[in-house]
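Student: Quick note, the sequence shown lines up with residues 1 to 84 if you use my numbering. To start, I am sharing the structure in question, which I have written as structure tokens.
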Amino acid sequence: MTFDPNHVIYVWIDALSNYITALGYDPDGSSDMYKKYWPADVHIIGKDIVRFHTIYWPIMLMALGEPLPKQVYGHPWLLFGEDK
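Here you go:
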């Protein structure tokens, strides 16, 4: 926040919602693609974003009445030399 350098605002609400909106999620009747691919069998994420995907994302899904991913796997970064 510009008025308080000790606090940070994240844009995770829209970033996380893209997982289901990209598949055609609609509270009034979701697409066939959404019905085919959600809930995810496994949700693979980088270790630096485990908190967002295991706390905030399930809260958002439960608020929508949607099923949670069946498994979440947080993996270490893939390194090529010194680069991620």
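Built from N, CA and C at the ideal position, the CB exists for glycine as well.
Of the residues K70, W77, D32, G24, which one's Cα is nearest the Cα of I45?
Tutor: Sequence index remark: in the sequence shown, residue 45 carries index 45 (1-based). When only C-alpha atoms are compared, the closest one is W77.
Student: May I have a chain-ordered list of the beta strand (DSSP E) segments no shorter than 3 residues that lie completely inside the segment 25-56?
Tutor: The segment 25-56 contains these whole beta strand (DSSP E) runs: 43-46.
Student: Where do the ends of the beta strand (DSSP E) carrying Y73 lie?
Tutor: Position 73 of the sequence shown holds residue 73. Per DSSP, Y73 belongs to the beta strand (DSSP E) from 72-75.
Student: Between which two residues does the alpha helix (DSSP H) harbouring D14 extend?
Tutor: Here the question's residue 14 lines up with position 14 in the sequence shown. Taken as a continuous stretch (DSSP letters only), the alpha helix (DSSP H) holding D14 covers 12-21.
Student: Identify which residue in E66, H53, K70, H43 has its Cα closest to the Cα of D28.
Tutor: On the sequence shown, position 28 is the one that residue 28 refers to. Minimum Cα distance to D28 is reached at E66.
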